[in-house]
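Q: Same order as they appear, the protein sequences are chains A and B. My numbering runs 89 ahead of the 1-based position in the first sequence. My numbering runs 89 ahead of the 1-based position in the second sequence.
Number of protein chains: 2
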Amino acid sequence: MSELRYDPLQNRWTIIATERQQRPRDFVTRREVRRDKDDCPFCPGFEDRTPPEIAAIRDEEGTLAPDTDPGSEPSNWRVRVVPNRFPALSPEAGEVEWSRRGIYECINGVGAHEVIIEGPDHDLSMAEFPLDLTLDIFRMYRERLTALMQDRRLKYALIFKNHGATAGASLAHPHSQIIATPVTPRTVQIELVASLKHFRDTKKCLACDLIKQEEAEGKRIIYDDTKIIAFNSYASRFPFELFIAPKSHSAFFERTTDEELESLARCMRDVLGRLKRALDDPPFNYILHTAPNVSADPIPPGYWRSLGNDYHWHIEVIPRLVRTAGFEWGSGLHINPM
Amino acid sequence: MSELRYDPLQNRWTIIATERQQRPRDFVTRREVRRDKDDCPFCPGFEDRTPPEIAAIRDEEGTLAPDTDPGSEPSNWRVRVVPNRFPALSPEAGEVEWSRRGIYECINGVGAHEVIIEGPDHDLSMAEFPLDLTLDIFRMYRERLTALMQDRRLKYALIFKNHGATAGASLAHPHSQIIATPVTPRTVQIELVASLKHFRDTKKCLACDLIKQEEAEGKRIIYDDTKIIAFNSYASRFPFELFIAPKSHSAFFERTTDEELESLARCMRDVLGRLKRALDDPPFNYILHTAPNVSADPIPPGYWRSLGNDYHWHIEVIPRLVRTAGFEWGSGLHINPM
Numbered sequence: 090m091s092e093l094r095y096d097p098l099q100n101r102w103t104i105i106a107t108e109r110q111q112r113p114r115d116f117v118t119r120r121e122v123r124r125d126k127d128d129c130p131f132c133p134g135f136e137d138r139t140p141p142e143i144a145a146i147r148d149e150e151g152t153l154a155p156d157t158d159p160g161s162e163p164s165n166w167r168v169r170v171v172p173n174r175f176p177a178l179s180p181e182a183g184e185v186e187w188s189r190r191g192i193y194e195c196i197n198g199v200g201a202h203e204v205i206i207e208g209p210d211h212d213l214s215m216a217e218f219p220l221d222l223t224l225d226i227f228r229m230y231r232e233r234l235t236a237l238m239q240d241r242r243l244k245y246a247l248i249f250k251n252h253g254a255t256a257g258a259s260l261a262h263p264h265s266q267i268i269a270t271p272v273t274p275r276t277v278q279i280e281l282v283a284s285l286k287h288f289r290d291t292k293k294c295l296a297c298d299l300i301k302q303e304e305a306e307g308k309r310i311i312y313d314d315t316k317i318i319a320f321n322s323y324a325s326r327f328p329f330e331l332f333i334a335p336k337s338h339s340a341f342f343e344r345t346t347d348e349e350l351e352s353l354a355r356c357m358r359d360v361l362g363r364l365k366r367a368l369d370d371p372p373f374n375y376i377l378h379t380a381p382n383v384s385a386d387p388i389p390p391g392y393w394r395s396l397g398n399d400y401h402w403h404i405e406v407i408p409r410l411v412r413t414a415g416f417e418w419g420s421g422l423h424i425n426p427m
Numbered sequence: 090m091s092e093l094r095y096d097p098l099q100n101r102w103t104i105i106a107t108e109r110q111q112r113p114r115d116f117v118t119r120r121e122v123r124r125d126k127d128d129c130p131f132c133p134g135f136e137d138r139t140p141p142e143i144a145a146i147r148d149e150e151g152t153l154a155p156d157t158d159p160g161s162e163p164s165n166w167r168v169r170v171v172p173n174r175f176p177a178l179s180p181e182a183g184e185v186e187w188s189r190r191g192i193y194e195c196i197n198g199v200g201a202h203e204v205i206i207e208g209p210d211h212d213l214s215m216a217e218f219p220l221d222l223t224l225d226i227f228r229m230y231r232e233r234l235t236a237l238m239q240d241r242r243l244k245y246a247l248i249f250k251n252h253g254a255t256a257g258a259s260l261a262h263p264h265s266q267i268i269a270t271p272v273t274p275r276t277v278q279i280e281l282v283a284s285l286k287h288f289r290d291t292k293k294c295l296a297c298d299l300i301k302q303e304e305a306e307g308k309r310i311i312y313d314d315t316k317i318i319a320f321n322s323y324a325s326r327f328p329f330e331l332f333i334a335p336k337s338h339s340a341f342f343e344r345t346t347d348e349e350l351e352s353l354a355r356c357m358r359d360v361l362g363r364l365k366r367a368l369d370d371p372p373f374n375y376i377l378h379t380a381p382n383v384s385a386d387p388i389p390p391g392y393w394r395s396l397g398n399d400y401h402w403h404i405e406v407i408p409r410l411v412r413t414a415g416f417e418w419g420s421g422l423h424i425n426p427m
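1) Using a Cβ-Cβ cut-off of less than 7 angstroms, give me the residues of the segment 317-333 of chain A that come near chain B, in sequence order.
2) Please tell me whether A/G421 has its Cβ less than 7 angstroms away from any Cβ of chain B.
3) When you compare only the Cα positions, how much space is there between B/T346 and B/K308?
4) Note down, in chain order, each residue of its chain lying with its Cβ closer than 7 angstroms to the Cβ of A/P130, except the 5 sequence neighbours on either side.
5) Quick one: grab the DSSP three-state call for B/H401.
6) Identify, in the order they occur along the chain, each residue of the same chain with its Cβ nearer than 7 angstroms to the Cβ of A/V277, setting aside the five sequence neighbours on each side.
7) Put A/I146 into one of helix, strand or coil per three-state DSSP.
8) Could you tell me if B/A305 is buried or exposed, where buried requires 16 or more neighbouring beta carbons within 10 angstroms of its beta carbon?
9) Could you tell me how far apart the beta carbons of A/N374 and B/G134 are, in whole angstroms, since I believe they sit closer than 8 angstroms?
10) Quick one: which chain A residues come within Cβ less than 8 angstroms of B/P274?
11) Within a Cβ cutoff of 8 angstroms, which residues of the same chain sit near B/L222, ignoring the five residues on either side of it in sequence?
12) Can you give the beta carbon distance from A/I333 to A/I317, rounded, assuming they're within the 8 angstroms contact cut?
13) Beta-carbon separation of A/H287 and A/L281 under 7 angstroms?
14) Cβ of A/T235 within 7 angstroms of Cβ of A/E343?
15) Strictly below 9 angstroms CB to CB, what residues from chain A border B/I268?
16) Considering only C-alpha positions, which residue in the set B/E217, B/A177, B/E194 is nearest to B/V441?
17) If you run the structure through DSSP and keep just helix, strand and coil, what is A/F416?
18) So B/A144 and B/G200 are in contact, right, with Cβ under 8 angstroms, and what is the actual spacing, rounded?
19) Hey, B/I376 and A/W418 are a contact pair by Cβ (cut 8 angstroms); roughly how many whole angstroms apart?
20) Can you name the residues of chain A whose CB is closer than 8 angstroms to the CB of B/K250?
21) In terms of residues, what are the limits of the alpha helix (DSSP H) holding A/F288?
22) So what does DSSP say about B/K250, is it helix, strand or coil?
23) Excluding the 5 residues preceding and the 5 following B/E330 in the sequence, name in chain order all residues of the same chain whose CB lies nearer than 6 angstroms to its CB.
24) Pull up the distance between the alpha-carbon of A/P180 and that of B/L220, whole angstroms please.
25) With DSSP collapsed to three states, give me the class of A/T270.
26) Would you say B/D314 faces chain A, with C-beta separation under 7 angstroms as the test?
27) Tell me, please, whether the CB atom of B/E280 is closer than 7 angstroms to any CB atom in chain A?
28) Does B/W187 get closer than 7 angstroms to chain A when you measure Cβ to Cβ?
29) Secondary structure at B/G151, three-state DSSP: helix, strand or coil?
30) Can you give the Cα-Cα distance for A/S337 and A/E351, rounded to whole angstroms?
31) Count the other C-beta atoms from every protein chain shown that fall within 10 angstroms of the C-beta of B/T107, then say buried if there are 16 or more, exposed otherwise.
32) Just tell me which of B/S91, B/Q99, B/L93, B/Y95 has its CA closest to the CA of A/Y400.
33) For a contact defined as C-beta to C-beta under 8 angstroms, what are the partners of A/P97 on chain B?
34) Quick one, which of B/P426, B/H211, B/D125 has its alpha-carbon nearest B/F327's?
35) If I measure Cβ to Cβ from A/G257 and keep anything under 6 angstroms in the same chain, skipping five residues before and after, which residues do I get?
36) Which whole-angstrom value is the C-beta distance of A/F249 and A/S265, which I expect to be below 8 angstroms?
Below you can see the structure in the form of structure tokens.
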């Protein structure tokens with residue numbers, strides 16, 4: 090059973106995932122992306138190689154399929170969600186148990202760790218997907234967030250993608266992941282504190298003001314339509330880093346409208362396609378930051394949530410072209426050569 | 090000229106280092122560690138390939154040499170400090186100029202970026218250095234911090250080492266670096282806030298209490314003598330991560346005693362040697378966290394410093410065996426499989 094441990098000096102939780110335990114020598118071998126198509130657990134026809142399906146969008150129905158029994162999952166899915174085989178956190182861990190020993194705090198490994206398989210095609214990536222598949226993927230993000238936010242044990246659900254070995258991918262078949270946690274992650278907490286302070290000072294949303302200033306300056310905008318904007322962040326940590334957000338104020342991704350999702354799908358395909366062409370298919374991560382679960386239980390104490398006015402969902406895209414060294418890890422400052 | 094830019098949402102400064110600018114295609118080629126001994130700018134005899142020496146410890150004198158002219162630097166140094174050839178920040182950038190445009194803030198690239206060349210031997214690492222060389226390196230850290238903290242423009246100086254390509258090293262010859270900044274880095278700010286809160290609540294230093302609890306539990310200690318302790322952090326982000334600190338309260342590394350430095354040199358050689366043997370010379374970073382410059386000017390506003398009671402210097406050692414993926418970047422949470 091995994092657990093979460095709190096570092097009081099760094100105000101940071103870490104997931105100690107004992108199921109993933111390795112012997113010291115196992116760390117020496119460098120992990121590569123598994124590219125083998127014949128042996129891919131995410132390809133159609135190999136549904137029995139993953140744990141039972143949590144949700145899916147299938148061609149015939151065009152809607153979310155109900156949970157089905159293992160062994161009886163048809164291969165005609167467009168998007169498929171399954172539990173991670175080596176989950177960092179699990180919904181089966183029972184109630185949240187928060188304990189304290191001296192200055193150390195610990196929580197049992199309650200949460201969720203799901204994989205969103207992005208289409209049946211092993212070799213394509215989101216830059217090449219048809220628009221309707223990209224839209225289905227973001228619809229599935231919304232569905233899974235909505236479902237997970239019903240669980241009062243969970244404070245947060247983070248959706249992210251690792252593309253390429255340098256960015257942490259271990260399987261080549263296109264997929265993204267959700268990890269839901271019983272704590273609000275530190276980066277989100279920092280954004281919440283900054284946004285709340287700005288809201289108290291100005292009665293306005295910080296990200297809304299960011300977007301307005303980017304529109305006024307017009308120098309860093311990469312994609313812009315009536316619903317969604319993408320721009321290079323002013324203080325980008327990484328070359329070609331992108332900030333993507335809805336232009337109308339919206340704290341909770343699970344409340345995104347269909348029109349916004351369509352714009353988002355168009356935007357992501359466009360910007361990922363441009364990164365792929367300009368930089369020869371670079372490794373990258375993208376991360377969806379949405380407001381924490383408003384209806385979560387207040388355990389552990391001192392966690393952060395948003396009332397909606399003071400947060401604005403966004404997606405960060407970070408191409409992984411430069412290495413992060415001791416300075417970045419030690420300071421939180423990055424050196425961006427672009 | 091480089092500049093620092095502030096991200097108001099993430100409460101984070103980034104150094105935009107335009108001197109290091111590259112064209113998009115340049116990012117595609119993967120950087121490797123330069124191992125060539127015949128062409129090493131850090132080897133004795135090639136002193137003219139670096140910018141003029143800032144400081145050195147030489148065999149004959151055993152003391153810090155004064156600044157010398159380029160071309161007249163003798164090769165009999167044990168430890169040598171030179172400016173980084175591609176500095177992220179520079180002491181020649183003039184006074185600190187803090188400006189604000191809408192919600193964005195910017196500071197000109199004032200600071201320092203120095204390289205500490207750790208001995209004449211190209212092929213050894215700190216795990217194999219003689220003890221007196223290791224001690225000279227830490228003496229040099231103390232000297233450079235003392236010197237840099239005289240500059241009222243600088244809030245902070247971070248000393249770090251990148252060992253191995255995965256950890257960000259670009260040259261094989263053993264060396265560490267100092268980057269001094271006109272702002273207090275975010276990770277240090279977080280530690281200062283947590284330490285100050287603990288001090289106000291308990292009238293005790295948080296790191297002192299951490300060390301006491303580790304000594305009482307006795308499960309994670311790797312090195313322990315009368316002056317210095319090293320232990321695996323309770324909430325380690327990385328397998329084999331180490332926290333190394335003086336056992337007596339001490340906020341400022343530049344005030345470390347000779348006895349503490351001797352213990353520290355012994356400790357670092359011991360723990361780095363054990364990592365090297367157990368994990369086949371893994372890539373790693375270490376980072377020295379000391380309290381910010383107490384005598385810095387209050388520009389930009391809102392920066393953090395310590396009065397001494399509420400901070401405790403320490404060194405983090407992070408072996409870089411697992412990749413950091415989208416989840417870690419997006420959440421600040423890490424998944425540690427150990």
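A virtual CB, placed ideally from N, CA and C, is assigned to each residue, including glycine. Just so we're clear, the structure is a prediction, and the values are computed from it rather than from any experiment.
A: On the basis of the data shown:
1) S322, Y323, A324, S325, R326, P328
2) yes
3) 28 angstroms
4) R138, T139
5) coil
6) Y245, H378, P381
7) strand
8) exposed
9) Contact doesn't hold; Cβ gap of about 44 angstroms is too wide.
10) G419, S420, G421, L422
11) R167, V168, E207, G208
12) 7 angstroms
13) no
14) yes
15) F416, S420, L422, I424
16) In the structure as shown, chain B starts at 90 and stops at 427, and residue 441 of chain B therefore has no counterpart that could be examined.
17) helix
18) About 17 angstroms; that fails the 8 angstroms criterion.
19) 6 angstroms
20) G415
21) 275-291
22) strand
23) S322, I407
24) 51 angstroms
25) strand
26) no
27) yes
28) no
29) With a pLDDT of 48 at B/G151, under the threshold of 50, the modelled position of that residue is not reliable, and the figure given next carries that caveat. Three-state result, B/G151: coil.
30) 15 angstroms
31) exposed
32) B/Q99
33) A283, H287, L295, L299
34) B/P426
35) N251
36) 6 angstroms
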